[in-house]
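Chains as they are written, first to last, in my numbering: chain A, 1 to 95; chain B, 1001 to 1372.
Idealized CB from N, CA, C, for every residue including glycine.
Computed from a predicted structure; not experimentally measured.
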């Protein structure tokens, strides 16, 4: 993630942190892009927040399933190189 | 509609280490000119379909790259719409022909993918998703979500998914240009390595190199296959924002438009090349196009209704799954392959279905051996 993209994305964090919803679809990703390879397998889910739905990664090594109640949290969301920013972003964890 | 397919050509699909992006384009241009039996200078414009040569090969400006193969440097443009790039380039060409801008044009689709690692390819292809709202997604992950919901909602089974791959690998045995000439059993597909649960490696179309080209014309042609109709549908790029996830509304819209333009009913279609980037994608395609009722695509495939001798032959080329999926070439290859079977008299009415991303873009063409 480039620094400018990261800066734009973090302005959205406060909108999501602490929000609770229900998983309506879940998959466990075993093969990912290089920057996420170190944390595979990870869950990738669609969450229904009532008035809107959104896609998120699950927190590391937590296997999520349909109907799980989840909460949005701030977590590291990739493996940085020596020169890059440590990427953080919104993930969901099981309640 | 008065557009004939004057010629078609498809290169070998596969891991073509000895051929560059430029080599593939050159072969497709020479091949289609030879098949159409016209002089290069008769091509008035070229439409180039490609998804990611800039990422895979650091080669942009493909319109100029292809135009320079002609001594008269015809006007050329490159069209990108993820995996639907090929069919979108066909649409652009058709609009130009129908507007009367040109009489004869070439459409070429190309992708050179195998110089990258599978992780790099996963990253490049994930660019077809919304990289702001779908961080962490991969192509198989998005289709994995769709698969899981389809299984839950309609009872689609693991063995029904596998039967799609078994059929398409069987069909590919008769296509010399296919990437794979190898049969698989349901058990082999069902027990292959997980990629994004419940999708396994043998549910996925491969990483491929290849190119395909067609020459379209509005000149009067009595013995050449014709484009009878086309349609183009769009839906939300974000999977989560769709009203229904287990139906691709873009495909339904595109099919409805194409059938209406062609003035044919879906039950008249004898053969179709559909976008089976994953096994679930073919099951959804045959439902959303209207060949089978919603939720019954898996059962129809498992019981032989989509192979030779069934209700409709789906993916006689082997589809993306076994013929290969050089992304930018796929939509053009579908038309090239079917037009040749129609020209040879195997079928008289066919359909092609090309999808971009996880269903956000869909293009359907109807082609036949005469103007209805």
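Residue(s) in a DSSP beta bridge with residue i
i                       : result
residue 1008 of chain B : B:1214
residue 72 of chain A   : A:92
residue 44 of chain A   : A:27, A:57
residue 1047 of chain B : B:1077, B:1107
residue 1199 of chain B : B:1196
residue 1013 of chain B : Answer by DSSP bridge pairing: none, since residue 1013 of chain B is not bridged.
residue 1278 of chain B : B:1204
residue 1224 of chain B : Answer by DSSP bridge pairing: none, since residue 1224 of chain B is not bridged.
Spatial neighbours of residue i in its chain, beta-carbon cut-off 6 Å, leaving aside the 5 residues before and after
i                       : result
residue 1343 of chain B : 1225
residue 1156 of chain B : 1150, 1298
residue 1202 of chain B : 1165, 1189, 1192
residue 1295 of chain B : 1154
residue 1336 of chain B : 1008, 1010, 1212, 1214
residue 1321 of chain B : 1165, 1168, 1205, 1276
residue 1070 of chain B : 1040
residue 1015 of chain B : 1114
Residue i in three-state terms, based on DSSP
i                       : result
residue 1354 of chain B : strand
residue 1204 of chain B : strand
residue 1268 of chain B : helix
residue 58 of chain A   : strand
residue 1069 of chain B : coil
residue 1362 of chain B : strand
residue 1230 of chain B : strand
residue 1099 of chain B : coil
residue 1372 of chain B : Confidence is the limiting factor: at residue 1372 of chain B the pLDDT is only 45, short of 50, which leaves the residue's position unreliable, though a coordinate-based value still follows. The answer is coil: DSSP assigns residue 1372 of chain B none of H, G, I, E or B.
residue 77 of chain A   : coil
residue 1314 of chain B : strand
residue 1003 of chain B : strand
residue 1273 of chain B : strand
residue 1340 of chain B : helix
residue 1238 of chain B : coil
residue 6 of chain A    : helix
residue 1367 of chain B : strand
residue 85 of chain A   : coil
Expected contact under 8 Å - CB spacing of residue i and residue j to nearest Å
i                       : j                       : result
residue 1233 of chain B : residue 1250 of chain B : 4 Å
residue 1166 of chain B : residue 1184 of chain B : 6 Å
residue 23 of chain A   : residue 65 of chain A   : 7 Å
residue 1231 of chain B : residue 1254 of chain B : 4 Å
residue 1279 of chain B : residue 1161 of chain B : 4 Å
residue 1312 of chain B : residue 1274 of chain B : With a Cβ gap of about 10 Å, residue 1312 of chain B and residue 1274 of chain B do not count as contacting.
residue 1074 of chain B : residue 1110 of chain B : The pair is not a contact, with the Cβ atoms about 17 Å apart (cut-off 8 Å).
residue 31 of chain A   : residue 1122 of chain B : 6 Å
Residue environment, residue i, which counts as buried when at least 16 other CB atoms sit within 10 Å
i                       : result
residue 1168 of chain B : buried
residue 123 of chain A  : As shown, chain A starts at 1 and ends at 95. That puts residue 123 of chain A outside it, with no answer to give.
residue 81 of chain A   : exposed
residue 1187 of chain B : exposed
residue 1239 of chain B : buried
residue 1360 of chain B : buried
residue 1177 of chain B : buried
residue 1002 of chain B : exposed
residue 1017 of chain B : exposed
residue 1095 of chain B : exposed
residue 1175 of chain B : buried
residue 51 of chain A   : exposed
residue 12 of chain A   : exposed
residue 1099 of chain B : exposed
residue 1112 of chain B : buried
residue 1333 of chain B : buried
residue 1375 of chain B : Because chain B spans 1001 through 1372 in this model, residue 1375 of chain B falls outside it and cannot be assessed.
residue 7 of chain A    : exposed
Sequence-distant residues of the same chain with beta carbon closer than 8 Å to residue i, five excluded per side
i                       : result
residue 79 of chain A   : 35, 36, 37, 38, 39
residue 9 of chain A    : 1, 89
residue 1372 of chain B : Confidence is the limiting factor: at residue 1372 of chain B the pLDDT is only 45, short of 50, which leaves the residue's position unreliable, though a coordinate-based value still follows. Within the same chain, residue 1372 of chain B has close Cβ partners 1228, 1262, 1263, 1264.
residue 955 of chain B  : An answer regarding residue 955 of chain B cannot be provided, because it is not within the stretch 1001 to 1372 covered by chain B.
residue 1390 of chain B : Given that chain B is displayed from residue 1001 to residue 1372, the structure contains no residue 1390 of chain B and the question cannot be resolved.
residue 1348 of chain B : 1270, 1342, 1368, 1369, 1370
residue 17 of chain A   : 72, 73, 74, 90
residue 19 of chain A   : 49, 71, 72
residue 3 of chain A    : 85
Same chain, Cβ closer than 7 Å to residue i, five either side skipped, listed in chain order
i                       : result
residue 1340 of chain B : 1008
residue 1032 of chain B : 1007, 1008, 1009, 1106, 1213, 1214, 1215
residue 1137 of chain B : 1126, 1129
residue 1268 of chain B : 1349
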